[in-house]
Amino acid sequence: MPDNSLSPGGLIDQFRDHLIPEIRSEAATAEIALWVLSLCGALLIVSAFALLRNHRANEASKAAEYGWRVVQVVALVVAYLQVAFQVARSGWLTHADKAVLNWFVEHRSGFWTVVAKTITDVGSPAGVAIIGIGAACYVSWRRRAIVPGLLLVGTIGIAATASTVTKVVVGRHRPPAITQLISETDFSFPSGHVTGTTALVGAIVLVYGADRSGRWRWTGMVLSVVPVVIVASTRLYLGVHWFTDVVGGALLGSTAVAIGALVAVVIAPMLGLSPKVSAGERRELDSRPVTQTATEPTKLT
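Residue numbers (our numbering): 6 to 306.
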C-alpha cells in the first residue's frame with residue numbers, strides 16, 4: 006500500500022493528532038506561563054516609563070503615546086489570555102488556589118464577615134454601575150462635554166461584557182458550597198466584582214486625570230490598587246472565588262482601562278480638556294523677564 010504520511014492530507018492528520026495536543030500540553034506548563042507573564046510585565050513597565058517620559062518632553066508626541074498605549078493593550082490581553090488558558094486547563098498557575106482559599110476560610114471572624122459582605126455589596130455589578138454612572142454625570146457636567154462620561158461608562162461596559170463572555174467560554178466552577186458565606190451559582194472565572202472595580206477606579210483616574218500632571222496620575226494609579234485589593238480579598242474571604250479568578254478580574258479590568266486610554270488619545274480634542282502646557286513651555290515662560298506694563302506717574306511741576 007502507498008505511504009500517505011507525506012501527502013498533504015497525511016501531514017494535516019499528523020499535525021492535528023500529534024502536534025496540536027503537544028502544543029496545548031506545553032502551553033499549560035509553568036515555563037510557558039512564566040515566560041509569557043514575565044514578558045508582558047516587562048512590556049507594561051517599559052511602556053509606563055516611556056509614557057511618563059513622553060509626557061515630560063518639551064514636545065509630547067501623540068504618535069509615541071498612541072504606540073505605547075497599543076503595547077499596553079497587547080501585553081494585558083496576552084497576559085489575561087494566558088491566565089484564562091491556565092484556568093481552563095487547570096495549569097500550574099492554579100495550583101495555589103486551594104491553599105489561598107483555605108487560608109481565608111481559617112481566618113474568618115464575625116466582625117470581618119460583616120465587613121466583607123458590606124464591601125462586596127458596594128463592589129457588586131450594581132454598585133459599580135451606580136458609582137460609574139454618577140461619576141460619569143459629574144465629569145461630563147464639569148467638562149461641559151458628554152464624551153468624558155461616555156468614555157468612563159464605556160470602559161466599564163467593555164469590562165463587564167468581556168467578563169460575561171469569558172465566564173461562559175471558560176466555564177469554571179465556583180469553590181465548594183460549604184466554603185461559601187454567600188451563595189454564588191454562576192461561573193467563577195473571572196471575578197466580576199474585581200473586574201468591575203478595577204475598570205471603575207481605573208476609568209475614574211483616566212478621565213479625571215486626563216488634564217492633570219503626570220505625578221497626579223501616577224499617584225492615582227497607585228492608590229487605585231487599594232480598592233481592587235480590598236474587593237478581591239473579600240471575594241476570597243467569602244469563599245466564592247479562587248485566587249486566579251481575582252487575578253484574572255484585575256487583568257481584565259486593567260485591559261479595559263488600557264483600551265479606554267488608547268481611545269482617549271484618539272479623541273483627546275473631544276474630552277473638554279483645558280489646554281496643556283508642556284514642561285519645556287513652562288520653563289520658557291518662567292525664564293522670561295517680567296515686562297513693565299504700568300506707566301510711570303506724571304511728575305507735577
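Glycine included, C-beta positions come from ideal geometry on N, C-alpha and C.
{"Asked": "Taking 8 Å as the CB-CB limit, is Y85 close to chain B?", "Found": "Checking the listed chains, one finds no chain B in this structure; it contains a single protein chain."}
{"Asked": "Determine, using beta-carbon pairs with one atom in the stretch 87 to 102 and one in the stretch 237 to 244, whether at least three such pairs fall under 8 Å.", "Found": "no"}
{"Asked": "Excluding five sequence neighbours on each side, which residues of the same chain lie with their C-beta closer than 8 Å to the C-beta of V110?", "Found": "T184 and G244"}
{"Asked": "Would you kindly report the start and end of the unbroken alpha helix (DSSP H) that includes V268?", "Found": "F248 to V271"}
{"Asked": "Ends of the alpha helix (DSSP H) at I187?", "Found": "It is not in any alpha helix (DSSP H) - I187 carries neither H nor E in the DSSP assignment."}
{"Asked": "So which of A204, I235, A269 and C142 has the shortest CA-CA distance to W117?", "Found": "I235"}
{"Asked": "Quick one: Cα of L228 to Cα of A35, how far?", "Found": "31 Å"}
{"Asked": "Could you work out which residue in E189, Q91, A204 and V119 is closest to G159 when comparing CA atoms only?", "Found": "A204"}
{"Asked": "Should T202 and V133 be called a contact, given that it needs their Cβ atoms to be closer than 8 Å?", "Found": "yes"}
{"Asked": "Since A89 and T171 should fall inside the 8 Å C-beta cutoff, what is the C-beta to C-beta distance between them, to a whole number of angstroms?", "Found": "6 Å"}
{"Asked": "Which residue's Cα is closest to the Cα of G139: S129, G154 and D126?", "Found": "G154"}
{"Asked": "So what's A150 in DSSP terms, helix, strand or just coil?", "Found": "coil"}
{"Asked": "According to the Cβ coordinates, are L48 and V92 closer than 8 Å?", "Found": "no"}
{"Asked": "Please report how far the alpha carbon of G128 lies from the alpha carbon of V230, in whole angstroms.", "Found": "14 Å"}
{"Asked": "Which residues mark the beginning and the end of the alpha helix (DSSP H) in which F109 is found?", "Found": "D102 to E111"}
{"Asked": "Between V199 and G258, what straight-line distance do the alpha-carbon atoms span, to the nearest angstrom?", "Found": "8 Å"}
{"Asked": "Tell me which same chain residues have a C-beta within less than 8 Å of the C-beta of W223, skipping the five on either side of it?", "Found": "L57"}
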